[in-house]
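Student: In the working numbering, the protein residues as written are 13 to 175.
1) Might you give, ordered along the chain, the residues of its own chain that have their beta carbon closer than 6 Å to the beta carbon of residue 135, omitting 5 neighbours on each side?
2) Taking 9 Å as the cut-off, decide whether the C-beta atoms of residue 79 and residue 42 are in contact.
3) Less than 9 Å separating the beta-carbons of residue 93 and residue 174?
4) When the distance is taken between beta carbons, is residue 66 closer than 9 Å to residue 103?
5) Comparing alpha-carbon positions, which option in 59, 38 and 28 lies nearest residue 88?
6) Classify residue 84 as helix, strand or coil using the three-state DSSP reduction.
7) In the DSSP assignment, find the unbroken alpha helix (DSSP H) run with residue 74 in it and report its ends.
8) Which complete alpha helix (DSSP H) runs does the region 90-140 hold, if anything under 4 residues is left out?
9) In three-state DSSP terms, what is residue 24?
10) Between which residues of its own chain and residue 140 is the CB-CB distance below 6 Å, once the five residues before and five after are set aside?
11) Quick check on residue 25: buried or exposed, where buried means 16 or more other Cβ atoms within 10 Å of its Cβ?
12) Look at the alpha carbon of residue 44 and the alpha carbon of residue 82, and state the distance between them as a whole number of angstroms.
13) Who are the Cβ neighbours of residue 107 in its own chain at under 7 Å, not counting the five residues just before and after it?
14) Note the first and the last residue of the continuous beta strand (DSSP E) segment covering residue 69.
15) Tell me residue 171's beta-bridge partners as DSSP assigns them.
16) With distances taken Cα to Cα, identify the nearest neighbour of residue 125 among 137, 112 and 91.
17) On the DSSP letters alone, give me the boundaries of the beta strand (DSSP E) that residue 41 sits inside.
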């Protein structure tokens, strides 16, 4: 049992390192018409298996999450990371104040005490990543692919369980 906890902690740490410093994520929700993705500001907190976003209750994503909690969050930076999980809507003024910064006043056209504001907490279940930040892995992967060889073992692409 200890090894699975360690593996889980290592997976969370790996994902944390890959998304660290990426300011914008694409949050995908399920609407009546199908999947909808939109850019969201990543909160400047250490990834511990949860992601946090701010939104308004009168937004499409709020109503979509009331109907279907399954989401995907995608990051593009030094690597590519896709996180699948379930979202919950959280009304916590203290937590909201923790994340608030003046940029939101302009972005969301409101103030931090607006009762229309709500937090989206994404509980990550799995993450898939492509580690393009490691040049050696990238060259090895591309070289093997160009030669028509199996790219397994290059560790370029990983899927990790975060629960």
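Cβ coordinates follow ideal geometry from the N, Cα and C atoms, glycine included.
Tutor: Let me spell this out:
1) Looking up residue 135 in the chain shown gives position 123. The residues are 62, 97 and 98.
2) For the purposes of this step, residue 79 is identified with residue 67 of the chain shown, where counting begins at 1. For the purposes of this step, residue 42 is identified with residue 30 of the chain shown, where counting begins at 1. Against a cut-off of 9 Å, the Cβ pair of residue 42 and residue 79 comes out as a contact.
3) Along the chain shown, one-based indexing puts residue 93 at 81. Along the chain shown, one-based indexing puts residue 174 at 162. For residue 93 and residue 174, no; Cβs fall outside 9 Å.
4) What you label residue 103 is simply residue 91 of the chain shown in a count that begins at 1. What you label residue 66 is simply residue 54 of the chain shown in a count that begins at 1. Going by C-beta atoms, residue 103 is not nearer than 9 Å to residue 66.
5) In the chain shown, residue 88 corresponds to position 76, counting from 1. Nearest option by C-alpha distance: 38.
6) The residue you call residue 84 lines up with position 72 of the chain shown. The answer is strand: DSSP assigns residue 84 an E or B state.
7) Translated into positions along the chain shown, residue 74 becomes position 62. Residues 72-79.
8) 105-111 and 115-119
9) Here residue 24 refers to the residue found at position 12 of the chain shown. Residue state, collapsed to three classes: helix.
10) Within the chain shown, residue 140 is the residue found at index 128, counting from 1. Cβ within range, chain order: 94 and 171.
11) Here residue 25 refers to the residue found at position 13 of the chain shown. When all chains shown are included, residue 25 counts as exposed.
12) Against the chain shown, residue 44 aligns to sequence position 32. Against the chain shown, residue 82 aligns to sequence position 70. Computed Cα separation, rounded: 13 Å.
13) Position 95 of the chain shown, counted from the start, is the residue given in the question as residue 107. Excluding residues up to 5 positions away in sequence, 131 lie with their Cβ nearer than 7 Å to the Cβ of residue 107 in the same chain.
14) Counting from 1 along the chain shown, the entry for residue 69 is found at position 57. No beta strand (DSSP E) holds residue 69; DSSP gives it neither H nor E.
15) Here the question's residue 171 lines up with position 159 in the chain shown. Bridge partners of residue 171: 140.
16) Looking up residue 125 in the chain shown gives position 113. When each option's Cα is compared against that of residue 125, the closest is 112.
17) As a working mapping, residue 41 is identified with position 29 in the chain shown. Taken as a continuous stretch (DSSP letters only), the beta strand (DSSP E) holding residue 41 covers 36-42.
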